[in-house]
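In our numbering, the protein residues as written are 2 to 153.
Cβ coordinates follow ideal geometry from the N, Cα and C atoms, glycine included.
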């Protein structure tokens, strides 16, 4: 059965907005009108060439099962987690009546973050830690940390 792909981020090459890669605070030297030099902190947005050339889509294995309200929910969550919406912060709270598919939406979001990314290097937005990485992080017990994390 054919289905429409669920695009959650449109790359700048396809007309999308260059958003999703966090800004960086850098020190910049300047000279004032009296010739005095100094340093100031400046926020620099990521240049457009740092963004992926492909759109981010929910993997088809899950996208084909999502109902219209769930597709909207996954898009909303992706925008919140990637700081693409117009508020400070990154994340969202998903709450609704029982049986409307919160678990499926959450799994679709996590799989999308693990399989795709908005950066030009092609790295996924989320990463699963190996046992060795967990040990290096100092976890004494398996449940002391999350096995998947976002790196924004």
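- Counting only runs of 3 or more residues that sit fully inside the stretch 41-80, no beta strand (DSSP E) segment turns up.
- In this structure, DSSP gives residue 110 a helical state, which the three-state scheme calls helix.
- Our two residues, residue 137 and residue 69, have alpha carbons roughly 42 Å apart in a direct line.
- If you look at residue 28, you'll find it in the beta strand (DSSP E) that goes 25-32.
- With a contact defined as Cβ atoms closer than 8 Å, residue 6 and residue 61 qualify at about 7 Å.
- Comparing alpha carbon positions, the residue from 40, 67, 125, 14 closest to residue 83 is 125.
- Going by C-alpha positions, residue 86 is about 24 Å away from residue 63.
- In terms of Cβ geometry, residue 56 and residue 29 do not form a close pair [threshold 8 Å].
- Residue burial annotation: residue 78 is buried, with at least 16 other C-beta atoms found within 10 angstroms of its C-beta.
- Around the Cβ of residue 42, a 10 Å sphere holds fewer than 16 other Cβ atoms; the residue is exposed.
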